[in-house]
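Asks:
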Amino acid sequence: MKKELVEVVFDRRKNSEKRGYGFLEVQVYLGRATRKYIMIGKYSPDDWQAAAASPETQALVAKCKKIIAAMDVLDEERTYDNFMYHFNGEDKKPKVEVKEVQPKEPEKSGKSFLDFMEEALANEDLREGTRKHKICAIETVRTFGKLNTYGDLTPKNIIAFDNWLHDGTRTDVTCYGYHKKIHKWVRQLYQMGEIPQDPYQVVTLKRGKCREREPLTELELKLMRNYKFEGKLARVRDLFIFAAYTGLSFCDTQTFDFESMTKKEGKMYYIDGSRIKTDTKFFTPILSPAMKVLEKYDYQLPKISNQKANDYLHVIQMELHFRQKLTFHVARHSFATMALAHDVPIENVARMLGHQDIKTTQIYAKVLRTTIERHATALQRSIS
3 MKKELVEVVF
13 DRRKNSEKRG
23 YGFLEVQVYL
33 GRATRKYIMI
43 GKYSPDDWQA
53 AAASPETQAL
63 VAKCKKIIAA
73 MDVLDEERTY
83 DNFMYHFNGE
93 DKKPKVEVKE
103 VQPKEPEKSG
113 KSFLDFMEEA
123 LANEDLREGT
133 RKHKICAIET
143 VRTFGKLNTY
153 GDLTPKNIIA
163 FDNWLHDGTR
173 TDVTCYGYHK
183 KIHKWVRQLY
193 QMGEIPQDPY
203 QVVTLKRGKC
213 REREPLTELE
223 LKLMRNYKFE
233 GKLARVRDLF
243 IFAAYTGLSF
253 CDTQTFDFES
263 MTKKEGKMYY
273 IDGSRIKTDT
283 KFFTPILSPA
293 MKVLEKYDYQ
303 LPKISNQKAN
313 DYLHVIQMEL
323 HFRQKLTFHV
333 ARHSFATMAL
343 AHDVPIENVA
353 RMLGHQDIKT
363 TQIYAKVLRT
373 TIERHATALQ
383 RSIS
């Protein structure tokens, strides 16, 4: 029976029973050890067949079949690079570069790094937002065009990729974030013995500094609490206030459950939970303004998307004439700054925020001049 060179496959890693969904892909057979997988999307076992039969998917299958047929007519070798050259519709053949080829495991050097990343990502159990960030990193590598195969994973190409990223449109932190995601997959290949070295081990990259967010002062928070907002603006304001007086991130406010996540110690309630983003444990007080928010909503916080919340916060910022840009993350920064200003040790602030490293807390918390002045006055009194 003749082997089908292009076909639609679902859940090839057999994870749908455990996860409730699988990935639908177009598989292009290029050779005994070479296949190209083109991601279509994530579907449940009940829905994937309809997606496979859709006009869009069938058009993609037809395109791939035409490319394979054209390669056979032109007597071209069915390599990953040749296929992608036709698939991406290049208008001119790339220049041929003569390079010294290492005889060691040549079959490995030609394997697709892009395919490996996509397959590895398909098997990671991630939140949708995190998955999108990683897909963005893969597409950035694809656009760069010089890290396509295992053989391309050299220190020279990593440096070239870093220089390409720093084209003036991205911050150092953003560039470093791409490297951090990609390095994880490169390290996996090295540990599997698929590449002779981890190129990132011999390349020094600039991490850069995060743009400092301006926290709200206690006076500004009080103004925000007392201002008369209505409807969605009021709900977003209340959600922000809850975060500013507990230190919770946006995603953690959206999964907060009073019954299962709080405990009472003395007269105060505390949130005892794990962060969604990092799964790190945190233990933080529910200060009185945050408790008033819970009471207002019968202990069930309003639900809204992060994007919508930030849109409404921009309106609130304009209404209150705040000079700093107001995003939901400012609430978390404001909590950290307020805690330090009231002499809470930074180690305790880190535990409240669920940080694994105090260095992260130092980024979040801004030491106010008033705090320094108060401590300086106390120091002066003690040495007089």
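According to my numbering, the sequence shown is numbered sequentially starting from 3. Yeah, the Cβ is synthetic: ideal placement off N, Cα and C, and Gly gets one too.
(1) Alpha carbon to alpha carbon, how far is Tyr31 from Lys38?
(2) Helix or strand or just coil, what does DSSP make of Ile40?
(3) When burial is assigned at 16 or more other CB atoms within 10 Å of the CB, is Pro347 buried or exposed?
(4) Give me, in chain order, the residues of the same chain whose beta-carbon lies closer than 7 Å to that of Arg215; leave out the 5 immediate sequence neighbours on both sides.
(5) Applying the criterion that 16 or more other CB atoms from any shown protein chain within 10 Å of the CB defines a buried residue, is Arg209 buried or exposed?
(6) Based on Cα-Cα distance, which residue from Ile160, Gln190, Val175 and Leu223 lies nearest to Tyr202?
(7) Just to confirm, is the Cβ distance from Gly218 to Met226 under 9 Å?
(8) So what does Phe146 bridge to, in DSSP terms?
(9) Is the beta carbon of Leu303 closer than 9 Å to that of Phe231?
(10) Are at least three pairs of beta-carbons, each pair with one atom in the region 314–322 and one in the region 237–255, less than 8 Å apart?
(11) Can you tell me where the alpha helix (DSSP H) with Gln199 in it begins and where it stops?
(12) By Cβ distance below 6 Å, which residues in the same chain neighbour Ala54 in space, the five residues on each side in sequence not counted?
(13) I need the DSSP call for Ile278, collapsed to helix, strand or coil.
(14) Throw me the rounded Cβ distance for the Cys66 and Val8 pair, which I believe falls under 8 Å.
(15) For Gly249, which residues from the same chain have a beta carbon less than 7 Å from its beta carbon, with the 5 sequence-adjacent residues on both sides left out?
(16) By the 10 Å Cβ neighbour count, where 16 or more other Cβ atoms means buried, how is Arg383 classified, buried or exposed?
(17) Roughly how many angstroms lie between the CA atoms of Asn165 and Ile69, to the nearest whole one?
(18) Which residue's Cα is closest to the Cα of Leu191: Arg129, Tyr152 and Thr282?
(19) Pop quiz: Phe244 and Tyr301 are said to be a contact at Cβ under 8 Å. What is the actual Cβ separation, rounded to whole angstroms?
(20) Taking Gly179 as part of the beta strand (DSSP E), name the residues at either end of that continuous run.
(21) DSSP three-state call for Gly33: helix, strand or coil?
(22) Please state if the CB of Tyr271 and the CB of Ile288 are separated by a distance shorter than 9 Å.
(23) What's the C-alpha gap between Lys211 and Thr379?
(24) Rounded to the nearest angstrom, what separates Gln364 and Leu342 at their Cα positions?
(25) DSSP on Ile140, reduced to helix/strand/coil?
(26) Roughly how many angstroms separate the alpha carbons of His135 and Pro157, rounded to a whole number?
(27) Nearest to Leu296 by CA position, among Thr255, Ala311 and Leu76, is which residue?
(28) Provide the residue(s) that pair with Thr257 in DSSP beta bridges, ordered along the chain.
Replies: Answer, in terms of the structure:
(1) For the purposes of this step, residue 31 is taken as the residue at position 29 of the sequence shown. For the purposes of this step, residue 38 is taken as the residue at position 36 of the sequence shown. Straight-line Cα distance between these residues: approximately 7 Å.
(2) Start at 1 with the first residue of the sequence shown, and residue 40 comes out as number 38. Strand.
(3) Here residue 347 corresponds to residue number 345 of the sequence shown, with the count starting at 1. Exposed, by the Cβ-count rule.
(4) In the sequence shown, residue 215 corresponds to position 213, counting from 1. Taken in chain order, the residues that qualify are His331, Val332 and His335.
(5) Looking up residue 209 in the sequence shown gives position 207. Exposed, since its Cβ has fewer than 16 Cβ neighbours within 10 Å.
(6) Within the sequence shown, residue 202 is the residue found at index 200, counting from 1. Among Ile160, Gln190, Val175 and Leu223, the Cα nearest to that of Tyr202 is on Ile160.
(7) Indexing the sequence shown from 1 puts residue 218 at position 216. Indexing the sequence shown from 1 puts residue 226 at position 224. A small correction: the amino acid at residue 218 is Leu; Gly does not occupy that position in the sequence shown. Cβ atoms of Leu218 and Met226: closer than 9 Å.
(8) One-based indexing of the sequence shown puts residue 146 at position 144. None, per the DSSP bridge assignment.
(9) As a first step, residue 231 must be located in the sequence shown, where it is residue number 229. As a first step, residue 303 must be located in the sequence shown, where it is residue number 301. Cβ distance not < 9 Å, so Phe231 and Leu303 don't count as in contact.
(10) yes
(11) Stepping through the sequence shown from its first residue, residue 199 is reached at position 197. Gln199 -> no alpha helix (DSSP H), and no H or E assigned at all.
(12) Residue numbering aside, residue 54 sits at position 52 when the sequence shown is read from its first letter. Correct list, in chain order: Val10.
(13) Counting from 1 along the sequence shown, the entry for residue 278 is found at position 276. Here Ile278 sits in coil by DSSP.
(14) In the sequence shown, counting from the first residue as 1, residue 66 sits at position 64. In the sequence shown, counting from the first residue as 1, residue 8 sits at position 6. That belief holds up - the Cβ atoms of Cys66 and Val8 are roughly 4 Å apart, short of 8 Å.
(15) Locating residue 249 in the sequence shown gives position 247, where the first residue counts as 1. Same-chain partners within the cutoff: Thr286, Arg334, Phe337, Ala338, Met354 and Leu355.
(16) Here residue 383 is taken as the residue at index 381 of the sequence shown, counted from 1. Classification of Arg383: exposed, given that the 10 Å Cβ count is below 16.
(17) Counting from 1 along the sequence shown, the entry for residue 165 is found at position 163. Counting from 1 along the sequence shown, the entry for residue 69 is found at position 67. Using only the alpha carbons, I get a separation of about 33 Å.
(18) In the sequence shown, residue 191 corresponds to position 189, counting from 1. Here the closest residue by C-alpha is Tyr152.
(19) Locating residue 244 in the sequence shown gives position 242, counting from the first residue. Locating residue 301 in the sequence shown gives position 299, counting from the first residue. Actually they are not in contact, since the Cβ atoms of Phe244 and Tyr301 sit about 11 Å apart, beyond 8 Å.
(20) On the sequence shown, residue 179 is found 177 positions in, with the first residue counted as 1. Note, Gly179: premise wrong, no beta strand (DSSP E); alpha helix (DSSP H) at Asp174 to Gln193.
(21) As a first step, residue 33 is located in the sequence shown; it is residue number 31 there, counting from the start. The answer is strand: DSSP assigns Gly33 an E or B state.
(22) Your numbering for residue 288 matches position 286 in the sequence shown. Your numbering for residue 271 matches position 269 in the sequence shown. Going by C-beta atoms, Ile288 is nearer than 9 Å to Tyr271.
(23) Within the sequence shown, numbered from 1, the residue matching residue 211 stands at position 209. Within the sequence shown, numbered from 1, the residue matching residue 379 stands at position 377. C-alpha separation (whole angstroms): 32 Å.
(24) The sequence position of residue 364 within the sequence shown is 362, counting from 1. The sequence position of residue 342 within the sequence shown is 340, counting from 1. Distance between the alpha carbons of Gln364 and Leu342: 10 Å.
(25) As a working note, residue 140 is residue 138 in the sequence shown. In this structure, Ile140 counts as helix in the three-state DSSP scheme.
(26) Counting from one through the sequence shown, the residue named residue 135 turns up at place 133. Counting from one through the sequence shown, the residue named residue 157 turns up at place 155. For His135 and Pro157, the distance between alpha carbons rounds to 24 Å.
(27) Counted from its first residue, the sequence shown places residue 296 at position 294. The shortest Cα separation from Leu296 among Thr255, Ala311 and Leu76 belongs to Thr255.
(28) The sequence position of residue 257 within the sequence shown is 255, counting from 1. In DSSP, Thr257 forms no bridge with anything.
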